Amino acid sequence: MEQKSAIIIGAGNRGQTYASYSLTYPNELKIVGIADPNPEKRDKFIHLYNLNDSQCYDSWESIFDQPKLADVAIITTQDQMHVEPALAAIKKGYHILLEKPLATTENECVTINEKAKGYDKIIGLCHVLRYTSHYLKIKELIDSGMIGDVVNIEHLEPVNYWHMAHSYVRGNWRRLDESSPMIIAKSIHDIDLVSWFANSPYKSIYSIGSLRHFTTENAPEGSTDRCISDCAVENECPYSALKLYMNMDLTGWPVSVISSDLSKEGREKALQEGPYGRCVYRSDNDVVDHQVVSIEFENYIKASFTMSAFTDGERRTRIMGTMGEIIGDFNTITLSNFRNQSKEIVWEKSEEDEMGHGGGDFGLMKQFLLAVRANDSTLFSSSLEAAVESHLMSFGAEKSRLEKRVILSNQKL
Ligand SMILES: NC(=O)c1ccc[n+]([C@@H]2O[C@H](COP(=O)([O-])OP(=O)(O)OC[C@H]3O[C@@H](n4cnc5c(N)ncnc54)[C@H](O)[C@@H]3O)[C@@H](O)[C@H]2O)c1
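Per the working numbering, the sequence shown starts with residue 13, numbered consecutively.
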């Protein structure tokens, strides 16, 4: 198999995940450069990927100032730093794997789309759920025609109470001005799935939702600014930072995010001084904790989507067709065939599906590299074009939520 080379732009959590594909499949991928301002992260890459200092850069600008260094640029910087590195990578002629979101504003999505017109390399978005065997199977069942014409799609994204507290109340995606609306920062995966299943541009969209719970007004009596500083209700609070981060048996994500020192002292310091020790009722968050979206597609399919923090479990999807129904809960997929009144489990989760994002992280890398080797963008469904459609839908939903009105896709947002 032809090995492809890649540079990683942003050596954080996601950059490390995609780079690690090269350790498991060295015949497919080799990491040959890294850009990150954090020297500790660069050192980690030097050690793991056998790089030398000259292959390490301190910013996306400096790595793209060089002549083209690899076949692929994997861009995994934070949400508001996707567009400029992506445009720089296009200028240099890299195949590009870009983390979601494509951009944090509608105008930027349109700009990238314009600049990429006629580009003869692959530009893929990291909508990893498309590459889980669970959703690949649902898509295959829909496309097989087994359930006739799809009429309705119902999809639930249970963010999970602890994940909400970690990422969207205390963490990097808690504020609109530093990140993007929740429907872009988190639910873009789900809106993208719904759009992929419907296989049609959207016609109209309506959304409601708000920040219901994680506000100062809901702070219980006796709570303090930090869970670690004598909070009287810490023991009974489900969102307690001590419960989430002080279990010394846990060292992976999300604990790994709070500090590079995961000793007891290191964790306590992070909870005393850092963002992850804050009371969830006294943070500076403003993104919604629940949202509902109704979508009508041009091919008449109607979809409803719910995102909620107040959940504990996996995504659920129900596809309702004229001849059958598909129900997926991430553990199983059940297919009802109205023609012969049969109902059977047609897919069950395996060990491989326990890996990053239900197997989607490596599934996406495998498929992306396949498309790169063939230089054939049709082999990678999470394309720039698909991402533009799902992002414009999501911006439409956010506009609808804020303005309390239905948005038609042909309206200027
Ligand atoms: N596809 C998914 O399922 C998924 C899951 C989580 C996060 N994400 C997205 O992935 C992106 C990265 O998230 P993360 O959790 O890895 O964040 P992170 O903060 O761990 O990583 C971002 C990295 O970018 C680096 N950086 C900052 N400025 C830079 C610059 N000028 N040049 C180069 N690097 C720079 C930071 O030092 C950091 O190491 C975000 O956009 C996030 O929304 C996607």
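Note that the Cβ used here is the ideal one computed from N, Cα and C, for glycine as well.
Given the structure is predicted, the values throughout are model-derived calculations rather than measurements.
- DSSP links N349 through a beta bridge to G336, S354.
- Apart from the 5 residues on each side of it in sequence, T344 sits with its Cβ closer than 8 Å to the Cβ of I357, W359, E360, K361 in its chain, given in chain order.
- With 16 or more other Cβ atoms from the protein chains shown falling within 10 Å of its own Cβ, P113 counts as buried.
- Just so you know, the alpha carbons of A383 and I102 end up roughly 17 Å apart.
- With contacts defined as CB atoms closer than 8 Å, I19 and A85 qualify as a contacting pair.
- Using a Cβ distance threshold of 8 Å, G372 and V206 do not count as a contacting pair.
- Shown here, S74 sits in a helix according to DSSP, grouped into three states.
- Distances between the C-beta of A47 and the heavy atoms of ligand 1 include at least one below 7 Å.
- Of all alpha-carbon atoms in R385, Y30, P250, the one lying nearest the alpha-carbon of N172 is that of P250.
- The nearest non-hydrogen atom of ligand 1 is 7 Å or more from the C-beta of V171.
- Not one heavy atom of ligand 1 falls within 7 Å of the beta-carbon of W359.
- DSSP links S395 through a beta bridge to G136.
- Two segments are said to touch when three or more pairs of C-beta atoms, one from each, lie closer than 8 Å; by this definition the stretch 146–157 does not touch the stretch 298–309.
- Of the heavy atoms belonging to ligand 1, none sits nearer than 7 Å to the Cβ of G370.
- In the three-state reduction of the DSSP assignment, F322 falls in the coil class, being assigned neither a helical nor a strand state.
- Classified as buried, R327 has 16 or more neighbouring CB atoms from the shown chains inside 10 Å of its CB.
- Contact check between the stretch 72–89 and the stretch 51–64: fewer than three CB pairs, one atom from each, fall below 8 Å, which does not count as touching.
- For Y30, the enclosing alpha helix (DSSP H) starts and ends at 25–31.
- The beta carbons of I240 and G289 sit closer together than 8 Å.
- In this structure, the alpha-carbon of I196 lies about 7 Å from that of H403.
- Taking 8 Å as the cut-off, the beta carbon of C138 is found no closer than this to the beta carbon of L99.
- The beta carbon of K53 sits closer than 6 Å to those of A23, all from its chain and outside the five residues before and after it, given in chain order.
- Counted as a single uninterrupted DSSP element, the alpha helix (DSSP H) harbouring H146 occupies residues 145–156.
- Looking at T117, N119, H107, the one whose alpha-carbon comes closest to that of Y131 is H107.
- Note on Q67: 16 or more other CB atoms within 10 angstroms of its CB, so buried under the neighbour-count rule.
- A direct Cα-to-Cα measurement between Y293 and K281 gives close to 20 Å.
- In the three-state scheme derived from DSSP, where H, G and I count as helix and E and B as strand, H178 is classed as helix.
- If you look at K42, you'll find it isn't in any alpha helix (DSSP H); it sits in the beta strand (DSSP E) that goes 41–47.
- Contact between E308 and K411 does not hold, since the beta-carbon distance rounds to 16 Å and is not under 8 Å.
- With respect to the 8 Å criterion, V95 and I135 are not classified as neighbours on the basis of their beta carbons.
- Using a Cβ-Cβ distance cut-off of 8 Å, the stretch 271–280 and the stretch 179–196 are not in contact, since fewer than three pairs of beta carbons, one from each stretch, lie closer than that value.
- In this structure A315 touches I165 by the C-beta definition: roughly 4 Å separates them, less than 8 Å.
- With contacts defined as CB atoms closer than 8 Å, T89 and D365 fail to qualify as a contacting pair.
- About 7 Å separates the Cβ atoms of S271 and G286, confirming a contact at the 8 Å cut-off.
- With respect to the C-alpha of Y147, the residue from L381, S393, M13, N352 having the closest C-alpha is S393.
- Taking the Cα positions, F407 is about 14 Å away from D202.
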